[in-house]
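**Q** From first to last, the protein sequence lines are chains C and P.
Using our numbering, read the first sequence as starting at 1274 and increasing by one per residue.
Using our numbering, read the second sequence as starting at 1274 and increasing by one per residue.
Glycine included, each C-beta is placed from N, C-alpha and C at the ideal position.
There are 2 protein chains.
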Amino acid sequence: MDSTTFTKNFLPDVTVDVVLLSISSNGSLLTLLTQRDEDPFKNAWALPGVFVGRNETLENAAARALRDKAGIAGDVFVEQLFTFGSLNRDPRDRIISVAYYALVPEGRFITAVARNAGAVIAHIDVPWTGVSGGTVQVRNEADKKLKLAFDHDRIIGIAVQRIRGKLNYAPIGFELLPDEFTLFELQHIHEAVLGHNINKDSFRRKMLASGLVEETGRRRGGTAYRPAALYSFNKEETTTHG
Amino acid sequence: MDSTTFTKNFLPDVTVDVVLLSISSNGSLLTLLTQRDEDPFKNAWALPGVFVGRNETLENAAARALRDKAGIAGDVFVEQLFTFGSLNRDPRDRIISVAYYALVPEGRFITAVARNAGAVIAHIDVPWTGVSGGTVQVRNEADKKLKLAFDHDRIIGIAVQRIRGKLNYAPIGFELLPDEFTLFELQHIHEAVLGHNINKDSFRRKMLASGLVEETGRRRGGTAYRPAALYSFNKEETTTHG
DNA sequence: AAAATAGTGTCTATTAGACATTATTGG
DNA sequence: CCAATAATGTCTAATAGACACTATTTT
């Protein structure tokens, strides 16, 4: 609408929260959380987020949350996830939160938390299969369960649901890997996102046939077995798909 | 976040706009629009929308827009689409709009506009194929082009993009049909949404194999040819899929 | 009988899963 | 040579498109 009846009942607080997602080298889903230093949910863990400024788009607010709260600057895959507007999400005020999710290679996670004392890398436990959806739980690297603030257990769950669905038709696996990777590494990313193993042969065929990957000519050395060919993401191919 | 830094820069206006979608019997995409009676965009056509109330969830605001602005009450498929937060969407104020889309059988569109003088059923022209996305144009039933207010040409475009993608994995075609329908009618719905013809044989096979439709035993009479079997949507089957 | 759509059967091309086999490296 | 993974080849099952054919209704 944008006003026809001019009964502007009230002006809510609007925040942007970002679900940062990554995959650890041992194949588990990771997210980056910040510890709250005041009530409500003091000491609980929360998604990096900011209030939306007057002259700030939602995308800019998401980039600011990534930079100032999570310590992730520069080029990152970010996409809008969902907007949460339940009445009692925050026990003090009515707050509407526009959630985004970002896909970040593990290496950037590690350097980000090294610079940011209030941030932690958490493992995501997904207690449901496929895209059925639901809440998640998070653990720190010592396997201790972390308490999540607000409805952030639900927001992270929806982010996982989204990337599981999206993996089937969009080349988002590449966002979670460094520039060069083996096909087996890409497969591990897919398996971690989907939460189940996939067929190696058909995965290789599908990826090679898609034109999304191109051989770099280099190989992953230092292994005790035949070195795998290194590939890079062919950005040309995706843009032509629109 | 939901506040840690207590710099609440400003409190924006938040609205909910609803893209109502339907399919006409001749196979074109329809939407329901309301005419603006004041500036900006006076006399232009806009999506039904309301300001979000203090004690109103986003879903409740969408239901209120459907009921009070569009004249559609009762059970309707409604789902959140996207949240728009560009700085100059509305030339007066910074307004953040949470868009929803609703799928409504054509019959309910017709009774709604009959009761609502300010509303019109518009044909949607989609100038792009597949899910590449973009803006749309709208025409009234006399084929005259209608001017859309704000960024609503873009919002409707994203709604079309969404249902095109969703049709491939979710049973949303049924939301656009009355309780009983023939398989050919369901196919026409799919073709109208997708914007291209689809194979009759494989569509029938896929639908019958899916278990989503069940024969009612009745037939579509009054035709000048063999009457088609009438089916109904098997809700049991979808809920088990999650 | 003619016209028109409903509905069935069959062939083919594509794709994913399963599984076997060969290739290449370090130890 | 052995262990381990890379990479290829082949068979099968499932599915979508194409197309031919039969069925059923009204005029």
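In the DSSP assignment, what residue or residues form a beta bridge with P:Leu1450?
**A** For the purposes of this step, residue 1450 of chain P is taken as residue 177 along the second sequence, with counting starting at 1. In the DSSP output, where bridge partners are listed per residue, P:Leu1450 has none listed.
**Q** What are the residues of the segment 1402-1414 of chain P that lie near chain C, defined by any Cβ-Cβ distance shorter than 8 Å?
**A** Of all residues in the segment 1402-1414 of chain P, Gly1403, Val1404, Ser1405, Gly1406 have a Cβ within less than 8 Å of some Cβ in chain C.
**Q** What would DSSP say about P:Ala1334, mapped onto helix, strand or coil?
**A** The sequence position of residue 1334 of chain P within the second sequence is 61, counting from 1. Helix.
**Q** Quick check: C:Gly1300 and C:His1461, are their CB atoms within less than 8 Å of each other?
**A** If you number the first sequence from 1, residue 1300 of chain C lands on position 27. If you number the first sequence from 1, residue 1461 of chain C lands on position 188. Yes, they are a contact pair.
**Q** By the 10 Å Cβ neighbour count, where 16 or more other Cβ atoms means buried, how is P:Ser1370 classified, buried or exposed?
**A** For the purposes of this step, residue 1370 of chain P is taken as the residue at position 97 of the second sequence. By the neighbour-count rule (16 or more Cβ atoms within 10 Å), P:Ser1370 is buried.
**Q** Run the CB neighbour count on P:Val1291, radius 10 Å, all protein chains shown included, and call it buried at 16 or more, exposed below.
**A** By one-based count along the second sequence, residue 1291 of chain P stands at place 18. Buried, since its Cβ has 16 or more Cβ neighbours within 10 Å.
**Q** With a threshold of 8 Å between beta-carbons, can C:Val1325 be considered close to chain P, or not?
**A** Stepping through the first sequence from its first residue, residue 1325 of chain C is reached at position 52. It does; some Cβ of chain P falls within 8 Å.
**Q** Is C:Ala1502 near the ligand SAM, going by C-beta to nearest heavy atom under 7 Å?
**A** In the structure shown, the ligand SAM is absent, as is every other ligand, since no ligand is present at all.
**Q** Would you verify that the beta carbon of C:Pro1444 is, or is not, closer than 8 Å to some beta carbon of chain P?
**A** Reading the first sequence from its first residue, position 171 is the one you call residue 1444 of chain C. False, the Cβ-Cβ gap to chain P never drops below 8 Å.
**Q** Among C:Arg1493, C:Leu1284, C:Ser1297, which residue has its Cα nearest to the Cα of C:Ile1394?
**A** Here residue 1394 of chain C is taken as the residue at index 121 of the first sequence, counted from 1. For C:Ile1394, the nearest C-alpha among the options comes from C:Ser1297.
**Q** Comparing the C-beta of P:Ile1397 with each C-beta of chain C, is any distance below 8 Å?
**A** As a working mapping, residue 1397 of chain P is identified with position 124 in the second sequence. Not an interface residue.
**Q** Where do the N-terminal and C-terminal ends of the beta strand (DSSP E) with P:Thr1307 fall, by residue?
**A** As a working mapping, residue 1307 of chain P is identified with position 34 in the second sequence. 1302-1308 is the span of the beta strand (DSSP E), which, as asked, contains P:Thr1307.
**Q** Name, going along the chain, the residues of the segment 1357-1375 of chain C whose beta-carbon falls closer than 9 Å to a beta-carbon of chain P.
**A** Under the 9 Å Cβ criterion, the segment 1357-1375 of chain C contributes Phe1357, Gly1358, Ser1359, Leu1360, Arg1362, Asp1363, Arg1365, Asp1366, Arg1367, Ile1368, Ile1369, Ser1370, Val1371.
**Q** Any C-beta of chain C sitting closer than 8 Å to the C-beta of P:Asn1434?
**A** Start at 1 with the first residue of the second sequence, and residue 1434 of chain P comes out as number 161. Sequence check: residue 1434 of chain P is Gln here, not Asn. Chain C contact via Cβ: absent.
**Q** Report the option in P:Ala1385, P:Ser1359, P:Asn1507, P:Ser1483 whose CA atom is closest to the CA atom of P:Ile1428.
**A** For the purposes of this step, residue 1428 of chain P is taken as the residue at position 155 of the second sequence. Of P:Ala1385, P:Ser1359, P:Asn1507, P:Ser1483, the residue nearest in Cα terms is P:Ser1359.
**Q** Looking at C-alpha atoms only, which residue of P:Ala1432, P:Leu1419, P:Thr1402 is the closest neighbour of P:Leu1294?
**A** The residue given as residue 1294 of chain P occupies position 21 in the second sequence. The option with the nearest alpha carbon to P:Leu1294 is P:Ala1432.
**Q** Whose Cβ in chain C lies nearer than 9 Å to the Cβ of P:Leu1331?
**A** Taking the first residue of the second sequence as 1, we reach residue 1331 of chain P at position 58. Near P:Leu1331 (Cβ distances below 9 Å), the residues of chain C are Thr1356, Phe1357, Gly1358, Ser1359, Ile1369.
**Q** Who are the near neighbours of P:Val1386 in its chain, counting only those whose CB is closer than 8 Å to its CB and skipping five residues on each side?
**A** Working through the second sequence from its first residue, we reach residue 1386 of chain P at position 113. Cβ neighbours of P:Val1386 beyond the five flanking positions: Leu1305, Gly1344, Ala1392, Val1393, Ile1394.
**Q** Please report the residue range of the beta strand (DSSP E) in which C:Thr1288 lies.
**A** Position 15 of the first sequence, counting from 1, holds the residue named residue 1288 of chain C. Run containing C:Thr1288: 1286-1296, per the beta strand (DSSP E) assignment.
**Q** Answer with buried or exposed for C:Tyr1516, where buried requires no fewer than 16 other C-beta atoms within 10 angstroms of its C-beta.
**A** Any answer about residue 1516 of chain C is impossible in this case: the structure gives chain C only from 1274 up to 1515.
**Q** If distances are taken between C-alpha atoms only, which option among C:Pro1364, C:Val1287, C:Gly1490, C:Leu1456 comes closest to C:Arg1478?
**A** Stepping through the first sequence from its first residue, residue 1478 of chain C is reached at position 205. Among C:Pro1364, C:Val1287, C:Gly1490, C:Leu1456, the Cα nearest to that of C:Arg1478 is on C:Leu1456.
**Q** To the nearest angstrom, how far is the alpha carbon of P:Leu1320 from that of C:Arg1327?
**A** Along the second sequence, one-based indexing puts residue 1320 of chain P at 47. Along the first sequence, one-based indexing puts residue 1327 of chain C at 54. When rounded, the distance between both Cα atoms is 24 Å.
**Q** With contact counted as at least three CB pairs below 8 Å, one residue from each stretch, are the segment 1490-1498 of chain C and the segment 1322-1336 of chain C in contact?
**A** The segment 1490-1498 of chain C vs the segment 1322-1336 of chain C: no contact.
**Q** Please return the same chain residues whose Cβ sits closer than 6 Å to the Cβ of P:Trp1406, not counting the five positions on each side in sequence.
**A** Residue 1406 of chain P sits at position 133 when you count from the first residue of the second sequence. Sequence check: residue 1406 of chain P is Gly here, not Trp. If we look at P:Gly1406 and ignore the five residues flanking it on each side, its Cβ neighbours are Gln1434.
**Q** In whole angstroms, what separates the C-alpha of C:Ala1375 from that of P:Leu1303?
**A** The residue labelled residue 1375 of chain C in the question sits at position 102 within the first sequence. The residue labelled residue 1303 of chain P in the question sits at position 30 within the second sequence. Approximately 35 Å between the Cα atoms of the pair.
**Q** Would you mind stating whether P:Gly1347 and P:Val1399 have Cβ atoms separated by less than 8 Å?
**A** For the purposes of this step, residue 1347 of chain P is taken as the residue at position 74 of the second sequence. For the purposes of this step, residue 1399 of chain P is taken as the residue at position 126 of the second sequence. Cβ atoms of P:Gly1347 and P:Val1399: not closer than 8 Å.
**Q** Compare the Cα-Cα distances from P:Glu1464 to each of P:Phe1454, P:Asn1333, P:Phe1476 and report the closest residue.
**A** Indexing the second sequence from 1 puts residue 1464 of chain P at position 191. Ranking the options by Cα distance to P:Glu1464, first place goes to P:Phe1476.
**Q** For C:His1396, which three-state DSSP category applies?
**A** What you label residue 1396 of chain C is simply residue 123 of the first sequence in a count that begins at 1. In the structure shown, C:His1396 sits in a strand (DSSP, three-state: E or B).
**Q** Identify, in the order they occur along the chain, each residue of the same chain with its Cβ nearer than 6 Å to the Cβ of P:Gln1353, setting aside the five sequence neighbours on each side.
**A** The residue labelled residue 1353 of chain P in the question sits at position 80 within the second sequence. Only Tyr1373 meet the Cβ criterion.
**Q** Which residues in chain P have a C-beta closer than 7 Å to the C-beta of C:Pro1285? List them in chain order.
**A** On the first sequence, residue 1285 of chain C is found 12 positions in, with the first residue counted as 1. Under the 7 Å cutoff, chain P gives Leu1284, Val1287, Val1325.
**Q** Taking the CB atoms as reference points, tell me whether P:Trp1318 and P:Leu1421 lie closer together than 8 Å.
**A** Indexing the second sequence from 1 puts residue 1318 of chain P at position 45. Indexing the second sequence from 1 puts residue 1421 of chain P at position 148. It is a contact, given that the beta carbons lie within the stated cut-off.
**Q** Using 8 Å for Cβ pairs, my map puts P:Leu1331 next to C:Pro1285. What's the rounded Cβ distance?
**A** In the second sequence, the residue the question calls residue 1331 of chain P occupies position 58. In the first sequence, the residue the question calls residue 1285 of chain C occupies position 12. With 8 Å as the limit, P:Leu1331 and C:Pro1285 do not qualify as a contact, their Cβ atoms being about 10 Å apart.
**Q** Can you give me the start and stop residues for the alpha helix (DSSP H) that C:Ser1359 sits inside?
**A** Residue numbering aside, residue 1359 of chain C sits at position 86 when the first sequence is read from its first letter. Unbroken run through C:Ser1359: none, as it is neither H nor E.
**Q** Once DSSP output is grouped into helix, strand and coil, what is the label at C:Leu1320?
**A** In the first sequence, residue 1320 of chain C corresponds to position 47, counting from 1. In this structure, C:Leu1320 counts as coil in the three-state DSSP scheme.
**Q** Is it buried or exposed, C:Thr1496, if we count other Cβ atoms within 10 angstroms and call 16 or more buried?
**A** Against the first sequence, residue 1496 of chain C aligns to sequence position 223. With fewer than 16 other Cβ atoms within 10 Å, it is exposed.
**Q** Given a cut-off of 8 Å on the beta-carbon distance, is the pair P:Val1486 and P:Tyr1498 in contact?
**A** Position 213 of the second sequence, counting from 1, holds the residue named residue 1486 of chain P. Position 225 of the second sequence, counting from 1, holds the residue named residue 1498 of chain P. Not closer than 8 Å, so no.
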